[in-house]
Amino acid sequence: RKEVEQDPGPFNVPEGATVAFNCTYSNSASQSFFWYRQDCRKEPKLLMSVYSSGNEDGRFTAQLNRASQYISLLIRDSKLSDSATYLCAVRPLNSGYSTLTFGKGTMLLVSP
Amino acid sequence: DTAVSQTPKYLVTQMGNDKSIKCEQNLGHDTMYWYKQDSKKFLKIMFSYNNKELIINETVPNRFSPKSPDKAHLNLHINSLELGDSAVYFCASSLDSQPQHFGDGTRLSIL
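First to last, the sequence lines map onto chains A and B. For what it's worth, the numbering used here labels the leading residue of the first sequence as 7, then goes sequentially. For what it's worth, the numbering used here labels the leading residue of the second sequence as 65, then goes sequentially.
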């Protein structure tokens, strides 16, 4: 099983739709979780951290399920500008200082 | 005023050459990283430095040699470039266990 796995997509949705991505991780001792957004030919940018109790930032909601070892990202009321690749990142406990393991990303395409 | 800056942004060179990529961060972070993102978009850690000390060295050919003259800089030197080295190389930095901030990447193409 890969360390961090994501459905590569693409997810094609119309504007205004709600879309959800999942990301599973294999190391049960993982301690920090993040969602990054990467636009075509750009660098990854932090979208949000994922906290144990779940957290929301505007139209974006992130959740963590430690028992099943996955994190999720929900995007409500999709905008054209949400089109990008969404990368989940996990910091394993035993990997030393602050290094992140990334999934391969899920591509989202929002159409008019 | 860019937080993490890399140079050059594009690098096109021939097989067998030696090249360097520079990275600087002005965020006051103590940890810096090099990642490689290949054509399949998989972002993989190569090296990590904390306060100029190497702490992570993944399975990377020894043709790749990072150097950190101070905690704000982490350069990457690559010897004897091969076709498989073509990728986008991202520098990143973080403070302790906070999220990482990425530079805008160096697109390396080997002819």
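Don't be surprised by glycine CBs; every beta carbon is placed ideally from N, CA and C.
Can you find the residues in the same chain that come closer than 8 Å, C-beta to C-beta, to residue i, ignoring five residues on each side of it along the sequence?
i, result
"S103 (chain B)", "S150, A151"
"P64 (chain B)", "Here chain B comprises residues numbered 65 to 175, so residue 64 (chain B) is not present and cannot be evaluated."
Which residue comes first and which comes last in the beta strand (DSSP E) that contains residue i?
i, result
"H141 (chain B)", "137-142"
"P50 (chain A)", "50-56"
"D63 (chain A)", "61-63"
"K108 (chain B)", "107-114"
"S157 (chain B)", "151-158"
"R72 (chain A)", "It is not in any beta strand (DSSP E) - R72 (chain A) carries neither H nor E in the DSSP assignment."
"P133 (chain B)", "128-134"
"C46 (chain A)", "Note, C46 (chain A): premise wrong, no beta strand (DSSP E); not H, not E."
"Q101 (chain B)", "95-101"
"A90 (chain A)", "90-97"
"M113 (chain A)", "112-117"
"Q70 (chain B)", "68-71"
Is residue i near the ligand GTP, judged by its Cβ being under 8 Å from some heavy atom?
i, result
"P133 (chain B)", "Questions concerning the ligand GTP fall outside what the structure shown contains, since it holds no ligand whatsoever."
I'd like the list of long-range same chain contacts for residue i, defined as Cβ closer than 7 Å, with 5 residues on each side in sequence excluded.
i, result
"I120 (chain B)", "I109, F111, S112"
"A23 (chain A)", "S84"
"P163 (chain B)", "none"
"K83 (chain B)", "L75, T77, I142, L145"
"E88 (chain B)", "S69, A136, H137"
"L86 (chain A)", "E21, V116, P118"
Given residue i, which residues of its chain have a CB within under 6 Å of its CB, disregarding the five upstream and five downstream residues?
i, result
"S55 (chain A)", "F40"
"K51 (chain A)", "R43"
"T91 (chain A)", "Q44, G111, M113"
"L140 (chain B)", "I85, W98, P130"
"L115 (chain A)", "P16, N18, S89"
"N115 (chain B)", "D94, K135"
"V124 (chain B)", "M110"
"L107 (chain B)", "Y99, Q101"
"M96 (chain B)", "Y113, L138, S157"
With 16 other CB atoms within 10 Å as the buried threshold, where does residue i fall?
i, result
"R43 (chain A)", "buried"
"V76 (chain B)", "exposed"
"D88 (chain A)", "buried"
"A35 (chain A)", "exposed"
"A73 (chain A)", "exposed"
"T30 (chain A)", "buried"
"Y153 (chain B)", "buried"
"C46 (chain A)", "exposed"
"Q37 (chain A)", "exposed"
"E62 (chain A)", "exposed"
"S161 (chain B)", "exposed"
"G231 (chain B)", "Not covered by the structure: residue 231 (chain B). The range shown for chain B is 65 to 175."
"G109 (chain A)", "buried"
Return the Cβ separation of residue i and residue j in integer angstroms, given the expectation that the two are a contact with Cβ distance under 8 Å.
i, j, result
"M79 (chain B)", "I174 (chain B)", "6 Å"
"R171 (chain B)", "K73 (chain B)", "7 Å"
"L106 (chain A)", "A95 (chain A)", "4 Å"
"E21 (chain A)", "P118 (chain A)", "6 Å"
"E49 (chain A)", "F166 (chain B)", "4 Å"
"A68 (chain A)", "S78 (chain A)", "7 Å"
Starting from residue i, find everything on chain E with Cβ-Cβ shorter than 8 Å and list it in chain order.
i, result
"L93 (chain A)", "The structure shown contains no chain E; the protein chains it does contain are A and B."
Exercise for review: Can you check the stretch 9-42 of chain A for any beta strand (DSSP E) of at least 3 residues that lies completely inside it and give the ranges in chain order?
Suggested key: Counting whole runs of 3 or more residues, the stretch 9-42 of chain A contains the beta strand (DSSP E) stretches 10-12, 17-20, 25-31.
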